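Novice: Quick note on the UniProt record's numbering: the sequence shown kicks off at 1 and runs consecutively.
I am attaching a structure below and will ask some questions about it afterwards.
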Amino acid sequence: MPAIRIGINPISWSNDDLPSLGGETPLSTALSEGKEIGYEGFELNGKFPKDAKGVGDVLRPYDLALVSGWYSSRLARRSAAEEIDAIASHVELLAQNGATVLVYGEVADSIQGQRIPLIERPRFHTDEAWQDYAEKLTELARFTLSRGVRLAYHHHMGAYVESPSDIDKLMALTGNEVGLLFDSGHCYMGGGEPLQVLRKHIERICHVHFKDVRKPVVQLARNNLWSFPDCIINGTFTVPGDGDIDFAALLDVLLAADYHGWLVVEAEQDPAVAPSYAYAKKGYDTLRALLQERTLS
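Next up, the structure:
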């Protein structure tokens with residue numbers, strides 16, 4: 001098994017936050033096209049079955065691995081015990097299908113799916129609030145790890161942890177049980193320099209989403225106070241090789257740190273504007289070429 005494998009999120013075909021984008025596309029289309037392109041695995045989306053056996057049955061005919069799956073947490077508004085009860089079945093689904101990381105999204109108070117300017121996202125306003133959240137998160141991550149699945153915290157637009165300073169604070173206050181999902185697109189859109197953030201937190205990074213951005217559109221989004229759905233509709237994000245992020249430099253850092261895990265191609269955009277197969281292939285071909293240049297030399 002190679003140390004680094006290339007997977008994809010079905011969002012290239014259909015979007016859970018905005019169901020009108022690719023909502024008519026069956027999961028089978030995403031899986032068959034992804035396999036044909038060369039992807040080794042898929043993350044979950046809303047079109048997958050909700051039970052472990054069902055997920056395995058869907059992936060098996062395509063000889064695809066389960067990479068991981070997003071979990072919508074409300075830990076900012078719940079106790080650790082309540083969240084452990086809520087997350088347990090999802091952890092089990094992942095573990096039974098061979099996934100070793102869980103994409104953790106904090107959706108309490110999040111505005112990521114709403115037409116609300118991103119500047120109005122929720123924030124922890126006191127050190128006490130940060131500390132309380134971090135302690136609960138560490139306890140939750142300790143639980144998932146005990147089941148063989150590491151929590152990979154997804155810094156995300158419109159949520160409590162979005163900016164580089166948010167990521168710094170979260171990593172400083174949580175235990176090593178809490179892994180970090182590095183998302184290059186959300187990092188840049190959140191005000192970060194992806195290469196800097198990756199280097200700073202490389203020891204905690206256990207999962208990677210390689211998402212590209214169109215920098216001129218990012219500037220429009222900031223100047224016009226767009227919501228996250230506005231960003232998606234207007235083409236802020238795209239696949240590696242189609243935007244402005246230097247993925248060769250990011251990959252060099254991961255390889256130097258002996259990263260073992262998945263590179264997941266992900267880009268929230270409208271498949272009617274960015275045809276799913278063509279863009280999924282562009283993302284795969286870009287990363288495959290970069291990997292081959294570095295591992296065959």
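Cβ atoms here follow ideal geometry from the backbone N, Cα and C, with glycine treated the same way.
Bear in mind that the values here come from a model prediction, so they are computed numbers and not experimental data.
With Ala152 as the anchor, note down where its beta strand (DSSP E) starts and where it stops.
Specialist: Unbroken beta strand (DSSP E) run through Ala152: 150-154.
Novice: Excluding the five sequence neighbours on either side, which residues of its own chain have a C-beta within less than 8 Å of the C-beta of Glu120, listed in chain order?
Specialist: Cβ within range, chain order: Ile111.
Novice: Can you tell me whether Pro275 is buried or exposed, with buried defined as 16 or more other CB within 10 angstroms of its CB?
Specialist: Exposed.
Novice: Determine whether the beta carbon atoms of Leu250 and Leu170 lie at a separation below 8 Å.
Specialist: Going by C-beta atoms, Leu250 is not nearer than 8 Å to Leu170.
Novice: Buried or exposed for Pro229, please, with buried defined as at least 16 other CB atoms from any protein chain shown within 10 angstroms of its CB.
Specialist: Under this definition Pro229 is a buried residue.
Novice: Go ahead and label Asn9 buried or exposed: buried means 16 or more other beta carbons lie within 10 angstroms of its beta carbon, across all protein chains shown.
Specialist: When all chains shown are included, Asn9 counts as buried.
Novice: On the three-state DSSP scale, how would you describe Ile119?
Specialist: Of the three classes helix, strand and coil, the one that applies to Ile119 here is helix, per DSSP.
Novice: Would you list, in sequence order, the uninterrupted alpha helix (DSSP H) runs of no fewer than 4 residues that lie entirely inside the region 180-255?
Specialist: Taking only runs of at least 4 residues, the alpha helix (DSSP H) segments lying wholly in the region 180-255 are 184-189, 194-200, 215-223, 228-233.
Novice: Here's the rule: buried if 16 or more other CB atoms are within 10 angstroms of the residue's CB, otherwise exposed. What is residue 373?
Specialist: Since the displayed the chain opens at 1 and closes at 297, residue 373 lies outside it and no answer follows.
Novice: Pick from Val101, Lys282, Arg74, Asp17: whose alpha carbon is nearest that of Gln114?
Specialist: Cα-wise, what sits closest to Gln114 is Asp17.
Novice: Can you check which of these residues, Asn176, Gly105, Gly158, Arg150, is closest to Gly135 by C-alpha distance?
Specialist: One point to set straight first is that residue 135 is Glu, not Gly, in the sequence displayed. It is Asn176.
Novice: Would you kindly work out how many angstroms separate the C-alpha atoms of Gly54 and Phe48, rounded to a whole number?
Specialist: Roughly 8 Å separates the two Cα atoms.
Novice: Which residues bound the beta strand (DSSP E) around Glu135?
Specialist: Premise fails: Glu135 lies in the alpha helix (DSSP H), 127-146, not in any beta strand (DSSP E).
Novice: From which residue to which residue does the alpha helix (DSSP H) around Leu59 run?
Specialist: Taken as a continuous stretch (DSSP letters only), the alpha helix (DSSP H) holding Leu59 covers 52-59.
Novice: With 16 other CB atoms within 10 Å as the buried threshold, where does Glu43 fall?
Specialist: Buried: at least 16 other Cβ atoms inside 10 Å.
Novice: Could you give the first and the last residue of the continuous alpha helix (DSSP H) run that contains Glu106?
Specialist: Taken as a continuous stretch (DSSP letters only), Glu106 belongs to no alpha helix (DSSP H), being part of the beta strand (DSSP E) at 101-106.
Novice: Tell me which residues share the same chain as Thr25 and place their Cβ nearer than 8 Å to its Cβ, disregarding the 5 neighbours each side in the sequence.
Specialist: Taken in chain order, the residues that qualify are Trp13, Ser14, Pro271, Ser276.
Novice: Determine the direct distance from the alpha carbon of Ala108 to that of Ile4, and round the result to whole angstroms.
Specialist: Their backbone Cα atoms lie some 32 Å apart in a straight line.
Novice: Just confirm the distance between the C-beta atoms of Val161 and His155, as a whole number of angstroms; I'd bet it's less than 8 Å.
Specialist: That belief holds up - the Cβ atoms of Val161 and His155 are roughly 5 Å apart, short of 8 Å.
Novice: Spell out a yes or no on whether the region 256-263 and the region 202-219 are touching, meaning 3 or more CB-CB pairs, one atom from each, closer than 8 Å.
Specialist: Yes, the region 256-263 is in contact with the region 202-219.
Novice: Measuring only the C-alpha atoms, how far is Asp51 from Gln96?
Specialist: Approximately 10 Å, taken between the alpha carbons.
Novice: Which residue's Cα is closest to the Cα of Leu66: Ala88, Ala81, Leu93, Arg78?
Specialist: When each option's Cα is compared against that of Leu66, the closest is Leu93.
Novice: Which residues bound the alpha helix (DSSP H) around Gly34?
Specialist: 27-37 is the extent of the alpha helix (DSSP H) around Gly34.
Novice: Would you kindly work out how many angstroms separate the C-alpha atoms of Glu293 and Leu287, rounded to a whole number?
Specialist: Spanning the two alpha carbons is a distance of roughly 10 Å.
Novice: Reducing DSSP to helix, strand and coil, say where Leu18 ends up.
Specialist: Three-state DSSP puts Leu18 in coil, outside helix and strand.
Novice: Applying the 10 Å Cβ sphere with the 16-neighbour rule, what's the burial state of Pro19?
Specialist: Exposed is the call here.
Novice: Should Asp246 be labelled buried (16 or more other beta-carbon atoms within 10 Å of its own) or exposed?
Specialist: It is exposed - the Cβ of Asp246 has fewer than 16 other Cβ atoms within 10 Å.
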